[in-house]
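Residue numbers (full-length UniProt numbering): 1 to 261.
Read the structure below first, then the notes.
Here it is in structure tokens:
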């Protein structure tokens with residue numbers, strides 16, 4: 001009995017000492033909690049999409065609390081979340097221009113053809129590495145296998161007639177689809193603009209027409225006819241400078257190939 005009693009006292013004493021040590025250590029080594037950071041993290045949607053440029057919502061909240069990130073940095077929460085965070089920080093949310101993803105390819109399965117039978121893993125990344133950049137007649141076009149679809153957490157992008165299409169109303173511009181596309185076809189465009197160039201083929205004339213019924217042939221009619229000089233040729237294909245664009249739609253009307261959408 002004495003042995004049991006002594007063992008019990010020893011175990012109890014050790015437990016008491018350890019408990020006191022842990023209690024003291026938790027106070028000595030405690031990391032101060034930034035109440036603003038915690039409140040901001042609570043206000044964020046918790047999507048952890050990385051669209052803000054940080055690893056997740058917690059990292060973004062910490063950056064906002066330190067003043068290193070704008071209150072409207074969260075692309076998912078947009079203005080309602082930005083306004084809530086602005087209240088927490090005692091500031092105002094700047095009115096930012098909404099942007100969405102856009103797939104720069106209009107060469108669907110009715111406008112292009114298959115040049116050979118591909119046999120292998122059906123992912124954009126793998127098919128892109130096949131001869132000619134894949135079996136599609138336009139080597140620069142969307143492969144339509146949906147790698148962008150699989151990474152979108154907001155159901156904002158789908159494959160339609162063999163080409164990825166973005167639902168602008170659902171898109172929050174998180175950027176995941178852009179990173180997933182091995183051909184680099186998905187760009188960021190302003191939500192409120194009516195014209196976007198849907199082709200990134202740097203080739204010219206006949207080779208383009210042979211491979212896609214709507215591919216840009218670099219006629220440069222859009223460049224010449226734009227009243228604001230907002231379109232130029234970059235890397236072999238036209239691009240719109242939205243800072244100059246007045247949303248007139250002239251380029252879309254004038255395009256003989258109808259690849260401005």
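Note that CB positions come from ideal geometry on N, CA and C, so glycine has one too.
Residue 231 carries a strand assignment under DSSP once its states are collapsed to helix, strand and coil. Counting only the Cα atoms, residue 90 lies some 43 Å from residue 234. Three or more Cβ pairs closer than 8 Å define a contact, and the segment 243 to 253 falls short of that threshold against the segment 171 to 179. For residue 102, the pairing in a beta bridge is given by DSSP as 187.
Here residue 117 is exposed. Its C-beta has fewer than 16 other C-beta atoms within 10 Å. Beta-bridge annotation (DSSP): residue 237 is paired with 234.
Bridge partners of residue 164 according to DSSP: 159.
Here the segment 87 to 101 lies against the segment 186 to 193, with 3 or more beta-carbon pairs under 8 Å apart.
By the C-beta density criterion, residue 20 is exposed, having fewer than 16 other C-beta atoms within 10 angstroms.
In terms of Cβ geometry, residue 58 and residue 79 do not form a close pair [threshold 8 Å]. Put simply, of 224, 211 and 35 the residue whose alpha carbon is nearest the alpha carbon of residue 113 is 211. The C-beta distance from residue 75 to residue 52 rounds to 6 Å, short enough to fall under 8 Å. DSSP places residue 196 in no alpha helix (DSSP H); its state is neither H nor E.
Setting aside the 5 residues that flank it on each side, residue 218 is surrounded in the same chain by 204, each with a C-beta closer than 6 Å to its C-beta; the list follows chain order. Residue ranges of uninterrupted alpha helix (DSSP H) with 4 or more members, entirely inside the segment 35 to 122 and ordered along the chain, are 35 to 43, 57 to 65 and 78 to 89. Here residue 213 is not near residue 255, since their CB atoms are 8 Å or more apart. Per the C-alpha coordinates, the member of 209, 172 and 229 positioned closest to residue 247 is 229. Taking all protein chains shown into account, residue 147 has 16 or more neighbouring C-beta atoms within 10 Å of its C-beta and is therefore buried.
Rounded to the nearest angstrom, the gap between the Cα atoms of residue 124 and residue 144 is 8 Å. Distance between residue 207 and residue 169, taken at the CA atoms: about 36 Å. Assignment of residue 260 by DSSP, reduced to helix, strand and coil, places it in the strand class. Counting every other CB atom within 10 Å of its CB across the protein chains shown gives residue 155 a total below 16, marking it as exposed. In the DSSP assignment, residue 207 falls within the alpha helix (DSSP H) that extends over 206 to 211. Counting the other Cβ atoms within 10 Å of the Cβ of residue 258 gives fewer than 16, which makes it exposed. The beta-carbon distance between residue 61 and residue 41, rounded to whole angstroms, is 4 Å. This is short enough to meet the 8 Å contact definition. Closest by C-alpha distance to residue 183, out of 171, 138, 174 and 161, is 138.
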